[in-house]
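Residue numbers (this note's numbering): 2 to 335.
By construction, the Cβ of each residue, glycine as well, lies at the ideal position given by its N, Cα and C atoms.
What follows is one structure encoded as structure tokens, with my remarks underneath.
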């Protein structure tokens with residue numbers, strides 16, 4: 002009797018173990034199917050609204066779509082704009098983490114820094130960041146080593162100076178407008194100063210800390226410089242029409258670090274196309290979502306090609322005739 006009871010209990014235990022195993026297998030399959038069918042959510046955060054960063058945001062979405070992640074079909078975007086407020090960036094980061102966003106696309110250095118500070122788990126693909134090492138986002142641009150990768154908007158500053166001197170060959174003093182609190186802007190200014198020194202060109206700095214300083218700093222260059230250089234700088238880009246209003250009236254050529262500021266009244270650039278950079282970032286994000294790559298192993302990518310862009314409206318307003326050699330191959334804004 003005792004033996005039969007023992008065998009009965011063993012049979013019940015075996016049946017229970019089999020049921021649990023089958024249940025676990027079913028749950029695993031259910032989770033696997035759910036993960037396979039679920040739409041990934043990508044948070045897109047930009048530090049402020051202006052042409053360059055808006056173009057980068059569009060490029061990200063298009064880059065993901067080019068690799069099969071199309072909005073409204075198999076991916077969801079959570080778009081956020083900090084409106085230039087650092088506290089907003091912290092709140093946006095908290096939102097992404099709380100909502101368990103699958104990946105974050107951060108546009109501009111402050112946005113990337115805020116996201117990287119908030120999470121070491123969620124993959125972050127950044128763009129519109131000039132120097133990832135200086136910004137303390139990665140250990141090595143060739144092998145980031147953490148959860149952050151992306152594209153750099155480091156532009157060919159020395160070649161932009163060459164472009165400036167091709168347009169204004171008599172230039173002896175070049176003014177530079179930039180936000181002193183943006184480390185990437187300061188980096189570009191340092192490169193400009195070294196390149197200018199090699200050509201015996203003086204650089205007159207006009208740093209600003211807030212948008213309220215911009216009018217005074219721009220006016221401070223009038224009558225003192227032969228041309229002005231504007232690097233890829235979020236504060237200047239957001240108020241470029243104001244800068245252009247002053248420089249055009251003063252007949253001062255402005256060479257810019259990127260396309261958006263030329264479109265807003267600058268004269269020329271051999272610089273960054275933020276849509277293309279965003280597109281590259283979108284492609285990188287797609288590879289991460291598909292499990293083909295990890296941020297830690299993805300090198301920071303620069304823009305692949307640069308092309309001269311000329312604003313003919315600005316040239317006419319400042320009474321400047323551009324060299325025929327430039328007009329031949331340049332992209333023209335009429």
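Close Cβ partners of residue i (< 8 Å) along its chain, the five nearest in sequence each way excluded
i	result
residue 280	60, 61, 63, 64 and 67
residue 296	124, 125, 126, 145, 147, 148, 149, 150 and 289
residue 33	Low confidence applies to residue 33: its pLDDT is 36, below 50, so where it sits in the model is not reliable, and the reading given next is rough at best. Excluding positions up to five away in sequence, the list is empty.
residue 50	82, 84 and 239
Status (buried if at least 16 other CB within 10 Å, exposed otherwise) for residue i
i	result
residue 82	buried
residue 323	buried
residue 227	buried
residue 170	exposed
residue 333	exposed
residue 254	buried
residue 224	exposed
residue 35	Unreliable positioning characterises residue 35 in this predicted model, as indicated by a pLDDT of 32, which lies under 50. A coordinate reading is not provided.
residue 283	buried
residue 330	exposed
Chain-order list of residues whose beta-carbon lies under 7 Å from that of residue i (same chain, five-residue window excluded)
i	result
residue 30	The pLDDT assigned to residue 30 is 41, lower than 50, so where the model puts this residue is not dependable; a value taken from the coordinates is nonetheless given after this. Closer than 7 Å at the Cβ level, and outside the excluded window around residue 30, lies no residue.
residue 75	40
residue 134	142
residue 318	249
residue 194	204
residue 38	Bear in mind that the predicted position of residue 38 carries a pLDDT of just 43, short of 50, making it unreliable; the figure below should be weighed with that in mind. Contacts found: none.
residue 277	60 and 304
residue 321	254
Run of the beta strand (DSSP E) containing residue i, from where it starts to where it stops
i	result
residue 277	Note, residue 277: premise wrong, no beta strand (DSSP E); alpha helix (DSSP H) at 275 to 290.
residue 259	255 to 259
Continuous alpha helix (DSSP H) stretch holding residue i: start and end
i	result
residue 307	Careful: residue 307 lies outside any alpha helix (DSSP H) and carries neither H nor E.
residue 318	313 to 318
residue 99	87 to 99
residue 110	110 to 119
residue 266	Looking at the DSSP string, residue 266 is not in any alpha helix (DSSP H), and its letter there is neither H nor E.
residue 127	Where residue 127 is concerned, there is no enclosing alpha helix (DSSP H), although the beta strand (DSSP E) it sits in stretches over 125 to 130.
residue 248	241 to 250
residue 55	52 to 67
residue 192	184 to 199
Strand pairing of residue i, partner residues [DSSP]
i	result
residue 80	45
residue 224	Looking at the DSSP assignment, residue 224 forms no beta bridge with any residue, so it has no partner.
residue 333	311
residue 206	177
residue 104	43
residue 302	152
residue 231	257
residue 72	76
Check whether residue i and residue j have beta carbons under 7 Å apart
i	j	result
residue 266	residue 232	no
residue 240	residue 129	no
residue 245	residue 256	no
residue 159	residue 198	no
residue 176	residue 229	yes
residue 90	residue 115	yes
residue 183	residue 132	no
residue 157	residue 179	no
residue 238	residue 261	yes
Nonlocal neighbours in the same chain, by C-beta distance under 6 Å from residue i, ignoring five residues either side
i	result
residue 44	79, 97, 102 and 105
residue 110	130, 136 and 185
residue 219	244 and 247
residue 140	146
residue 328	none
Residue i CB to nearest heavy atom of the ligand PLP below 6 Å
i	result
residue 101	No copy of the ligand PLP appears in this structure; indeed no ligand is present at all.
CB contact below 7 Å: residue i versus chain B
i	result
residue 133	Among the protein chains of the structure shown there is no chain B, as only one such chain exists.
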